[in-house]
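Heads up: the structure comes next, in C-alpha cells.
Numbering (this note's numbering), first residue to last: 81 to 157.
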C-alpha cells in the first residue's frame with residue numbers, strides 16, 4: 081500500500097515491512113515483473129517464492145480494507 085511517500089508490504093493481511101518511496105509512477109508502463117528484475121544486466125535474478133494470492137489495485141487501500149480483502153479471499157484457506 082502506498083501512502084504519500086511510504087510503501088507498505090502486507091503479507092496475510094498484516095503489515096510486514098515499510099520503506100520510503102517518494103515516487104512510484106506506473107502510468108503507461110508496459111512491463112511489470114514480480115519476483116525478478118528484467119532490467120538487470122548480470123546473471124538472472126529471481127525470487128524463490130510462490131504466491132497463493134497476489135493482487136494489484138488502481139487505488140490505495142486502507143489497512144482495514146487490506147485485512148477485509150485478505151479475510152474474504154485467500155485468508156479463508
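For every residue, glycine included, the Cβ atom is placed at its ideal position computed from N, Cα and C.
This structure is a prediction, so every number in the text was calculated from the model and none was measured.
Could you check which residue in 114, 95, 93, 96 has the C-alpha nearest to that of residue 129?
-> 114
Same chain, Cβ closer than 7 Å to residue 100, neighbours up to 5 away in sequence not counted = 85, 86
Residue burial classification, residue 146 (beta-carbon count within 10 angstroms, cutoff 16) = buried
Report back the beta-carbon spacing between residue 92 and residue 137 to the nearest angstrom; my notes put them in contact at under 8 Å.
-> That belief does not hold up - the Cβ atoms of residue 92 and residue 137 are roughly 17 Å apart, past 8 Å.
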